[in-house]
Amino acid sequence: MVIKVRKSQDRGHFNYGRLETFHTFSFADYPLPAHRRFRTLRVIDEDIVRQEPGISIRTGTGILLFDLK
Numbered sequence: 003m004v005i006k007v008r009k010s011q012d013r014g015h016f017n018y019g020r021l022e023t024f025h026t027f028s029f030a031d032y033p034l035p036a037h038r039r040f041r042t043l044r045v046i047d048e049d050i051v052r053q054e055p056g057i058s059i060r061t062g063t064g065i066l067l068f069d070l071k
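All letters in the sequence shown, in the order written, are residues 3 to 71 by my numbering.
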């Protein structure tokens, strides 16, 4: 498999207010047939979550999160 760099501006981008997300593979409202079927790898997203008063941020099971700074 050839690894290609896809920068943020080249990927699917959605801004939902407190969540800004960049999709690397075909996902939800970003259907891109060329970026589907990567075996068991489902998604690699760059997500920016803004904390708001009264809303806690929780992680689910089976989710691996990377925090790159």
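Glycine included, C-beta positions come from ideal geometry on N, C-alpha and C.
Option in the options with minimal Cα separation from residue i
i	options	result
Thr26	Glu54, Arg20, Val51 and Gln11	Gln11
Asp47	Lys9, Gly19 and Ile5	Lys9
Under 8 Å between C-beta atoms of residue i and residue j
i	j	result
Glu22	Ile5	no
Other residues of its chain near residue i: CB distance less than 6 Å, five sequence neighbours each side excluded
i	result
Arg52	Arg20
Cβ-based neighbour list, residue i, same chain, cut-off 7 Å, excluding 5 preceding and 5 following
i	result
Glu54	Arg20
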